[in-house]
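Per the working numbering, residue -8 is the first one in the sequence shown, and the count goes up by one each step.
Idealized CB from N, CA, C, for every residue including glycine.
The model shown is predicted, which means the values in this text are computed figures rather than measured ones.
Below: the structure, in structure tokens.
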Amino acid sequence: MDLDFYKKLAQQKRKEHQKFLDGLKKKPPKNLDYVVLEKHEETFGEIDCLSCANCCKTTGPLYTEKDIERISKHLRMKQADFESKFLRIDEDNDKVLQNLPCFFLNGDNTCSIYDVRPKACREYPHTDRKKIYQINNLTIKNTLICPATYVFVEKMRKALEK
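Okay, structure coming up:
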């Protein structure tokens, strides 16, 4: 996966993508949620996250209390020990990873806590969500990190700008 290539494309098309997504917000097509799900599934049928894992290398998820409880139990650790070993409080007062890449990312780009991973990781890059126009800024940001998000937005444009 050529991350630099996709990042350059995303930077070049940022204004076009923003205009397209803003248009969805102003006048969402009746079938938008259906098209989103279809293009999400199509995109992830073509792109294998394990060939990239850039999200795990460059962005840390927010850890909810439920995430911390579930993961620390899985690791057979006390929650306080888990938090002090892996997490810190960020400027928004959220619990996030102390360091990147993610400690749980294996050398083959798999996740050592995949079955109990944080909610933020399970939902990333949010390209299968209903009313996707509610997260336009996040989608644009994610096109710079996640090649699949870039491909997804391009597929959406082709499907809806007919």
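Beta-carbon proximity list for residue i, same chain, < 7 Å, skipping 5 on both sides
i	result
Tyr124	Leu12, Leu15, Lys16, Pro19
Ile38	Pro138, Ala139, Val142
Asn45	Leu(-6), Ile136, Cys137
His31	Thr118, Asp119, Phe143
Lys(-2)	Leu135
Pro92	Cys47, Lys48
Phe73	Ile59, Ile62, Ser63, Leu66
Classification of residue i by the beta-carbon crowding that lies within 10 angstroms, buried from 16 upward
i	result
Arg79	exposed
Asn97	exposed
Ser42	exposed
Thr101	exposed
Arg67	exposed
Lys6	exposed
Asp58	buried
Phe(-4)	exposed
Local conformation of residue i per DSSP, three classes
i	result
Lys86	strand
Arg120	coil
Arg67	coil
Cys102	strand
Arg79	strand
Pro96	A quick correction: the sequence has Leu, not Pro, at residue 96. Strand, per DSSP.
Leu91	coil
Beta-carbon contacts of residue i that lie in its chain and below 6 Å, excluding the five residues immediately before and after
i	result
Leu88	Gly51
Beta-carbon proximity list for residue i, same chain, < 8 Å, skipping 5 on both sides
i	result
Phe94	Phe77, Leu88
Arg120	Val27, Glu114, Ile126
Rounded distance between the beta-carbons of residue j and residue i, thought under 8 Å
i	j	result
Tyr141	Leu0	6 Å
Lys132	Thr34	17 Å between Cβ atoms; not a contact.
Leu53	Lys86	7 Å
Problem - Cβ contact check for the region 96 to 113 and the region 59 to 69: 3 or more pairs under 8 Å - result: yes
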